[in-house]
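Start counting the sequence shown at 39; every next residue gets the next number (the numbering used here). Report on the structure given below.
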Amino acid sequence: MFTTLDWLVLVLYILISVGIGICASRKSNCGFSEYMRGGGAMPWVAIGISLIATSVSATTFLGNPAESYSADMSYLMNNIGALIAIIVVGFIFIPRIRSAKISSAYELFEVKFSSKVRRIAAVFYSLHLLLRMGILLYAPSLVLAPILGIDIHVAILVTAVVATLYTWYGGFKAVIWTDVLQFVVLFGGGVIALFILAKGIGGFSEMFQLASEAGKTKFFDAANWDPANARNLLSAGLVYAVIEISIRGCDQQFVQRYLSCDSVKSANASSVLSMVLGIFVSILFFWVGAGLFVYYQVKGVSILPAECPINQVFPHFIVHVMPAGATGLVVAAIYAAAMSSLSSAINALGNTTVKDILLVRSENASALAKAKKWTVLWAILSTVCAFIAADMQSSLLSNALFFTGLFTGPLLALFLLAFFSHKLTSPAVLAGVFCGMASILLFNRIPIIPAYVPPFGGMFSFFWNPAISCVMTILMANIFRFIFPKRNAN
C-alpha cells in the first residue's frame, strides 16, 4: 500500500522540482535566448543527461519491463541504431545546424527553401509532438491513479500542472536541471527495484541464470532478415537507426539542446553521453522485466492476481512488494519520467510556435511573452489530449503511433535535402513531402478510417515507416524538380 512515508517522498520530489524552476527563473528573465536556449553556454554533461531524460518517458519505465517479461530483450538492438545515429548526427547534422546560425530547428528550411516550407514542417512537428504528449501524460497516469488511489484525470492534471509550473517559471534552464534530477530519480528507482527483485529471488547470479534459462536474455538476432519481423537486427537495429536520426537530428527538443552548448565539440559530447546513458537505462529496465518474470513465474516468490495484465505486473510489484519509502521513490521516478518528457516538449513547442509558425523575427520581450503564453497553451492542449485518451481508452495511442510514422520520415528528408540539394524549389519540396507521407498509407492502416485495408499491409514492421516515407520524400522531390524547376537569377 502507498503509505504516509511514500506520500512524503513523492511530495518532497514534486516540491524540489518546482523549486528548481523558481530558482532558474531568477536567471532566465534576461531575454528570449536565455529563456529558450540557456544563453548558449550550458554544461555539456547536463545537456547530455537532459537528452536522455527527454528520450526516456514513463512508458519506457513501465513498457521495457513489460516487454522483457512477456518476450525477451530483443529491443536492446535499438542501441545499435542509436550508435549509427550518433555518428551520422555528429558528423552531418550538428556541425551544419550550428554553422547555419539558426535559432530553431526549422529555420533552416526558410534559408534553403521558403518560409512556407519552414511553417509547414513546424506544424507537422507540433501535431506529432502534441499527440505524443497526450500519450506521455495518459500512459503513466493509468498506473499512478490506482497506486495513489486517485481519479486518472487528477493524476494527469497533477503531472501537467507541476511540469508546466517549473517550465514556465524557469524556461530552458529549469527544464535542463530538473531533467538531471529526474534522470537520477528514474535511474535510482530502477536500481532499487532490481535490487529488491534480486534479493527476493536469491541473488543476482540466481536471477541471471534463471532468466537466461527462461529465454528472457535474448537480445540479438542476426539470422532472421524478414522485414516484417520487428525483433531482428534488420528492423530493430539497422532500420531503427533512421528513427534515431530523425529524432536526434531533426527534433526541436534535441536541436535546442545542441544550440545551447558553446561549441560543436560540446554538443557532440552531450550527444554521445546521452547514448551511453541510454544503453544503461535500456539494460536496467529490461532486466527489471526479466527479474519480474523469474520472481513471479519461475520462483513463485509471490502470486500475481489471475486478472493482472502484463503492463500491470511492475506496478503490482511496486505497490505490494516494495517497502515503504522505496515505493514512494519509484512512483516519483514514474512522475519524473513523465514530467521530464512533458516539460521538454512544451518548452520546445513554445519556441517552435513563435519562431517557426508565427515567424516572429525578433527575440525581444514581446517574443518572450508570446513564447511563455504558447508554452502554457501547449500544456493545456496536451492535457486535453490525455483526457480524451483516458475517456476513449487506447484510440489515442494507435493514432499517435500512426502520425509519428507519418511525420518523422519527411522531416528527416527535409533536413537531408536542405543539407545536400541545391536545385530544389519550394513547390518541389512540398510535393515530395506529401508524397512521402502518402507512401506509408500503402503499408499501414489508417486509425481514423477503420475500413481501409493497405495493399501491402504486413510487409514491413512499424520500424520501417520513417525510412519508407523519408526515401519516398527525397525521391519524389527530385522528380518534381523537373516539373517545378529552379529559375536562374537574371
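Every residue gets a Cβ at the ideal spot worked out from N, C-alpha and C, and that includes glycine. Remember, it's a predicted structure, so these values are computed and weren't measured experimentally.
Rounded C-alpha distance that separates residue i from residue j
i    : j    : result
L165 : A307 : 30 Å
L186 : V467 : 50 Å
L53  : S378 : 15 Å
M39  : H358 : 6 Å
E148 : R136 : 16 Å
N349 : V326 : 13 Å
A274 : P347 : 25 Å
F246 : E282 : 30 Å
G77  : T97  : 32 Å
V56  : T197 : 12 Å
L272 : R483 : 22 Å
Y296 : F453 : 16 Å
N117 : I317 : 6 Å
F494 : I356 : 42 Å
V422 : L195 : 10 Å
F457 : A451 : 10 Å
F225 : A469 : 44 Å
M171 : W416 : 9 Å
Y333 : L175 : 29 Å
F70  : T413 : 13 Å
M475 : M510 : 8 Å
E145 : E345 : 51 Å
A109 : A79  : 44 Å
D264 : F498 : 8 Å
S477 : S507 : 6 Å
F425 : V192 : 10 Å
S179 : A428 : 9 Å
I239 : L342 : 15 Å
A279 : V94  : 17 Å
A376 : A370 : 10 Å
Local Cβ density within 10 Å of residue i, reported as buried at 16 or more and exposed below that
i    : result
H354 : buried
S106 : buried
E251 : exposed
F233 : exposed
R399 : exposed
F352 : buried
T391 : buried
N389 : buried
G86  : buried
L46  : exposed
M115 : buried
K393 : buried
G443 : buried
S340 : exposed
F472 : exposed
Y73  : buried
N102 : buried
Three-state secondary structure (DSSP) of residue i
i    : result
I124 : helix
I487 : strand
I87  : helix
H191 : helix
A138 : coil
L462 : coil
N267 : coil
V94  : coil
F453 : helix
C61  : helix
L184 : Strictly speaking, residue 184 in this sequence is Pro, with Leu absent from that position. DSSP places P184 in helix when its eight states are reduced to three.
M171 : helix
K237 : helix
A274 : helix
S301 : coil
P448 : helix
Y144 : coil
K256 : coil
K154 : helix
P81  : coil
G316 : helix
P178 : helix
P133 : helix
TODO: Could you pull out every unbroken alpha helix (DSSP H) segment of at least 4 residues lying fully inside the segment 334-411, listed in chain order?
DONE: 351-358 and 364-390
Task: Contiguous alpha helix (DSSP H) assignments of at least 4 residues, all confined to the segment 469-521 - done: Annotation note: the segment 469-521 contains the following uninterrupted alpha helix (DSSP H) runs of length 4 or greater, listed N- to C-terminal: 503-518.
Task: Completely contained alpha helix (DSSP H) runs for the segment 95-119, where each covers 4 or more residues - done: 96-108
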